[in-house]
Amino acid sequence: MGRVSRKPPPLLPQAFADWFTQRGWTPRAHQLELLALAQKGESALLVAPTGAGKTLAGFLPTLVELTQVKRNMRGLHTLYVSPLKALAVDVARNLDAPVADMGLKIRIETRTGDTPASRRQRQRRDPPDILLTTPEQLALLLGHPDSTTLFATLRRVVLDELHATVTSKRGDLLALDLARLRTLAPHMTMVGLSATVRDTSELRRYLVAQGGAPNMSALVVAPPGAPADLAMLDTRERLPWAGHGAAHAIHEIYAAIKTAKTALVFVNTRAQAEAIFQQLWSINEDSLPIALHHGSLDAGQRRRVEEAMAQGKLKAVVCTSTLDLGIDWGDVDLVVNVGAPKGASRLTQRIGRANHRLDEPSRAILIPANRFEALECRAAIDAARIGAQDTPPLRTGALDVLCQHVLGMACAEPFDADALFMEVASAEPYAKLSREEFDAAVDFVATGGYALRTYDRFAKIRRDRQGRWRVANPRVAQSWRMNVGTIVESDMLKVRLVRGRSAPVVQKGSSGGGMLFYPAKLAGDAASRPAYTGRLSRGGRVLGEIEEYFLETLSPGDTFVFGGEILSLQGIVENEAHVARAHADAPKVPSYAGGKFPLSTYLAERVRKLVSSPRAWKDLPEQVREWLEIQKQVSRLPPAGDLLVETFPRGGRYYLVAYPFEGRLAHQTLGMLLTRRMERMGLKPQGFVANEYALAVWSLSDVGEACARGRLSMDDLFAQDMLGDDLEEWLQESALMKRTFRTCAVIAGLIERRFPGKEKTGRQVTISTDLVYDVLRRHQPDHILLQAARQDAATGLLDLARLADMLARVQGRIVHEPLERVSPLAVPVMLEIGREPVYGEAQDQILAEAAETLVQDAMKH
Amino acid sequence: MMTPAAAAIRPNQQSASAARLTLCGVEFLADLSGALFHEGQRLLVVADLHLEKGSAYAARRVLLPPYDSAATLARLAAAVLRWAPRAVLALGDSFHDVRAGERMAPADRDTLAALQNGRDWIWVSGNHDPALPHFAGGQVCETYALGPLTLRHEPSLEGRDGEIAGHLHPVARVVSQSGSLRRRCFVSDGARCVMPAFGAYAGGLNIRDEAFAPLFTGRAITAHVLGRSGVYGVGAGSCRPD
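Going down the list, the sequences are from chains A and B. Add 6 to a position in the first sequence, counting from 1, and you land on the number used in the working numbering. Add 21 to a position in the second sequence, counting from 1, and you land on the number used in the working numbering.
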């Protein structure tokens, strides 16, 4: 808040003006602007940096109206929707201050998945003035028969962290629910609160009804904060060629933490969080209070870390993107970003976590974990300095989410298909939805949407005499309520600490001060540090959750790191993994899927430009410059717009390395398609590996020589038509595609995650979606769920859209460099060989290897 | 690391899509589809077809694609075409429930009738199908004797010295240096064999599950795993629990 006192404008009631003055504050221009717009009945988007008083700006119109306007009947006045439960709770706390200070008679309540059922029921009957909730809870409220009365009084909707919500299917769900709210409460206005984004007009359209000409809400932009103090670590150590661990810089990270009051150490994956946390503690000679925070940890454990953080008890927290969003952490004065920043906007937001005061610059250090990441860090710093934004474009509304919504609307009250279609199409993500697609969604909800119409008697929704669709049976509505939401987790197993089979080391229960988040024993001197817990017993404490497929790779007795501890798997019992503490020199580190963001297209372009122009290298670390210099001498630099492809022999195989800089996912898809094509061309490809910047394929035939003799052209090899039949054939078998389909099937309601009385886990699901996928693909390839899965594949795990753009861009612009040996630029991707897991195509190889083991065993007799 | 060349890796036996499996000295071919073929008698054995499982779910308003019976029968037809059996034996749980016949589409019934045409058809009863649809045809029995072997739906403790059964839907999780996968399999110790489920929607039970333990006490077992292009004999040591 600004500290200069000024005469309050008349817009603001005296009580509020006084309150600002008492606090030594003055209302900010954007806060007043939003107030004026709200009073004119206009919806608006507020774009403001962290610390600009965004929350107060969003609620000021509500607070003013609730004190000024006499209402005949109390009812729900303002709805606040945030993507994080914790944020809703935090905002409720922050609102308490002005409400209590001014003695306003306003009831504020939160409603999340944690709210007891009795309270939720009461909230529907007797709603508060302001309700703070999540998209899922809003969907549930709207799917209830009493939603018409509940929302009739609604005047205002506040959408927090809108830039984060709209990038996922939750954003689609929210958009559909907002469309319904506009029907139920036509006079309501919305305000979206957002960090800086690439294109504000997308979010402005999201806030208002679409139809015919695109409509936009008003826009209010708060002035940017002080420019950040950004630096890249120029390590004294040798900068690694590959890997994301940043272990080389651990002493330098530790030193940086020491200089700060409180530091946030951001990493990209949970596995990295575990690793960095381990390493920091292994050198933590000063016993600094350093904690760990990531999405797999038990919620209670995370809350304890957050509280300790808010109370200023921690020196540093190693965290993943779970702390990217807006909860106010108090006195963070340093952000350490370990690894690749992935995007300019992402970096800017993370930096914003340091210092929630606008007028003071945020301080951030970027730690590249390898040489390519040094380039990415440099490009991101330059981008952040000029305020460049690369948030992803707005989504096209997903069809599976639409299916879920259609059933929800039938649960609320019988619907007329024409009216619901108009309403759905007024939501920005669904503005281009065709009537045919909508009807297919309704048909799916009713009877599964199958060409073979055998399920009419099992319909979930049916038309009544007036032609309106209504639920066939109350159980359908009950089941819908239990399955609302778009977040389909990988199958997770609870990790429970039990007494090990081998006698565990007895822990001394010296956990004084409730500081439960230290690892018990990392450097082997348990006695000097507080213990993690007290006595262990069977059915002990739950440490958190971990992806089932990671545990599938472990056998009982195998060790891994979780929650900063080394654990040994004792066995899997129902949906729990039982673990015991263990000592191990080389534990397997969890390879969580969570938190692997793709490199943004914008940043990729900047990196390409940086690499191709030696004059820009002056700000790069010496080691990186040297690496690029040698590349320039022995091969060439990847040109900014063209695609460099190198070929060279090595170890009896022939390698082809391409540098598209389009992110790992797009490169993996390219690798699959390229090797298929090479197979057909008789080039005998043996395998491939991808990282964020490059792709390496190896084969028994010499691709370089085939090009030299004119038997092959690189343009043919990379021709766009690989996205045709080859892609279709591959998708049929792709494990990634099957996983994508599963998510769609669950969201659309084909498969129920939960049903009354029980909750299924992946281990108990009686029908495998892989089997359903195989059958459906063969018998009805145009089914709506397959369309939904293909739509997801374009941007999701396969990143097809980006690959298609790249192939189009480099047509006729491929630069082939035949080499005698591996180039410096190729080294990082070559080092990935042997680290990566196997996907679809190599499955028979696993069986062949296992069969070979059997043969060897047999030969021993 | 990924290896594209599934095509380059061929299983190490006479036919790409079938492997030899010997039980008490009786030779069979384990077909990639999950069927077992006895050359001498030209008998094709399939287990756990679970026809109309999809519509059984639909009756509970889980609207799975209604194509599983067609898919299962199409795969069976391909196996019949490949081996030209004189007789087909379905080893129980051929229909998902006793009302499956009422829900089966006429086209699928026609396919079944066409498959039965010109050959013997034997339905062994299972726990899911104590009674068969009126149109099932063929002959029904509880067990079927084939030399020293007894064919029955549910593995029995006395079947230790020569038995072919289904019921358990065995799958193997195979882990090697290259990665891990879960596939349907035949599991056998040379005297007893539990067949994989043939039905399109039939799930699987890991052969390391305790349900398998009493069947194979004290003998080494091999999982004949149905890969993409061949059947692979994998030692129990390479198979992991889920």
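In this text, a Cβ means the ideal position worked out from N, Cα and C, and glycines have one as well.
Rounded separation between SER250(B) and ALA39(B) - CA only: 9 Å
Tell me whether ASN274(A) is buried or exposed, calling it buried when 16 or more other Cβ atoms sit within 10 Å of its Cβ. buried
For ASP114(B) and chain A, any beta-carbon pair shorter than 8 Å? no
Just checking my contact of ASN343(A) with ARG359(A) at CB under 8 Å: how many whole Å lie between their CB atoms? In fact, because the Cβ distance is near 10 Å, the residues do not count as touching under 8 Å.
Taking the beta strand (DSSP E) that TYR78(B) belongs to, which residues open and close that run? Segment 74-79 is the alpha helix (DSSP H) holding TYR78(B); no beta strand (DSSP E) there.
Counting pairs of beta carbons, one from the stretch 192-202 of chain A and one from the stretch 42-59 of chain A, are three or more of them closer than 8 Å? yes
Considering Cα atoms alone, identify which of ARG682(A), ASP727(A), VAL663(A) is closest to ARG827(A). VAL663(A)
Of all Cβ atoms in chain A, is any one closer than 8 Å to the Cβ of GLY224(B)? yes
Under a Cβ-count criterion, where at least 16 other Cβ atoms within 10 Å of its own Cβ denotes burial, should VAL119(B) be classed as buried or exposed? exposed
Looking at chain B, which residues of the stretch 785-796 of chain A have a Cβ within less than 8 Å of any of its Cβ atoms? Residues HIS785, GLN786, HIS789.
The beta strand (DSSP E) with ALA166(B) in it runs from where to where? 164-167
Quick one: list the residues of chain A neighbouring SER38(B), beta-carbon separation under 7 Å, in chain order. Within chain A, no residue comes near SER38(B); the closest Cβ sits about 12 Å away, beyond 7 Å.
Thinking ALA223(B) and ASP52(B) are a contact (beta carbons under 8 Å), I'd like their distance in whole angstroms, please. With 8 Å as the limit, ALA223(B) and ASP52(B) do not qualify as a contact, their Cβ atoms being about 16 Å apart.
Pick out the complete beta strand (DSSP E) segments inside the stretch 787-848 of chain A, 3 residues or longer, and give them in chain order. The qualifying runs are 820-824.
Short of 6 Å in beta carbon distance, which residues of its chain neighbour ASP1(A), apart from the five on each side in sequence? Order them along the chain. Because chain A in this structure spans residues 7 to 867, residue 1(A) falls outside the shown range and cannot be described.
What residue does the alpha helix (DSSP H) around GLN278(A) start on, and which one ends it? 276-288
Segments assigned alpha helix (DSSP H), at least 4 residues, entirely inside the stretch 357-420 of chain A: For the stretch 357-420 of chain A, whole alpha helix (DSSP H) runs of length 4 or above, ordered along the chain, are 377-391, 405-418.
So GLU571(A) and ARG547(A) are supposed to be a Cβ contact under 8 Å. How far apart are they, rounded? 12 Å between Cβ atoms; not a contact.
Just to check my reading of the structure: ARG808(A) and GLY677(A) have Cβ atoms closer than 8 Å, yes? What is that Cβ distance to the nearest angstrom? That belief does not hold up - the Cβ atoms of ARG808(A) and GLY677(A) are roughly 14 Å apart, past 8 Å.
Could you tell me which chain A residues have their CB closer than 7 Å to the CB of TYR165(B), listed as they occur along the chain? Chain A residues near TYR165(B): none, gap ~28 Å exceeds 7 Å.
What is the C-beta distance between TYR661(A) and ALA702(A), in whole angstroms, given that I count them as a contact (C-beta under 8 Å)? At roughly 6 Å, the Cβ-Cβ gap stays under 8 Å, so TYR661(A) and ALA702(A) are in contact.
Using 8 Å for Cβ pairs, my map puts THR195(A) next to SER88(A). What's the rounded Cβ distance? Not really, about 18 Å apart at Cβ, beyond 8 Å.
Whose C-beta lies closer than 6 Å to the C-beta of LEU41(A) among residues of the same chain, with five residues either side of it excluded? LEU17, LEU66, PRO67
As assigned by DSSP and simplified to three states, the class of GLY177(A): Residue state for GLY177(A) is assigned as helix, using DSSP reduced to three classes.
DSSP has GLN160(B) in a bridge; who is on the other side? ILE143(B)
Would you say ARG213(B) and LEU247(B) are within 8 Å of each other, going by their C-beta atoms? no
So, does the CB of ASP118(B) fall closer than 8 Å to a CB anywhere in chain A? Interface criterion not met: the Cβ of ASP118(B) is under 8 Å from no Cβ in chain A.
Does DSSP put PRO691(A) in a helix, a strand or coil? Of the three classes helix, strand and coil, the one that applies to PRO691(A) here is strand, per DSSP.
Assigned secondary structure, PHE667(A) (DSSP; H/G/I helix, E/B strand, else coil): coil
Does the distance from the C-beta atom of GLY491(A) to that of GLU142(A) stay below 8 Å? yes
Return helix, strand or coil for GLY64(A), following the three-state DSSP convention. helix
Within its chain, find whatever has a CB closer than 8 Å to the CB of GLU167(A); leave out the 5 residues flanking it on each side and keep chain order. SER88, PRO89, LEU90, LEU93, LEU199, SER200, ALA201, LEU331, GLY332
Below-8 Å beta-carbon distance, VAL83(B) vs any chain A residue: Answer yes: the Cβ-Cβ gap between VAL83(B) and chain A drops below 8 Å somewhere.
Per the contact definition of three or more C-beta pairs closer than 8 Å, is the stretch 461-480 of chain A in contact with the stretch 231-251 of chain A? no
With a cut-off of 8 Å on the beta carbons, I'd call ASP805(A) and THR653(A) a contact; round off their distance for me. Actually they are not in contact, since the Cβ atoms of ASP805(A) and THR653(A) sit about 25 Å apart, beyond 8 Å.
Looking at chain A, which residues of the stretch 117-141 of chain B have a Cβ within less than 8 Å of any of its Cβ atoms? ARG124, ALA126
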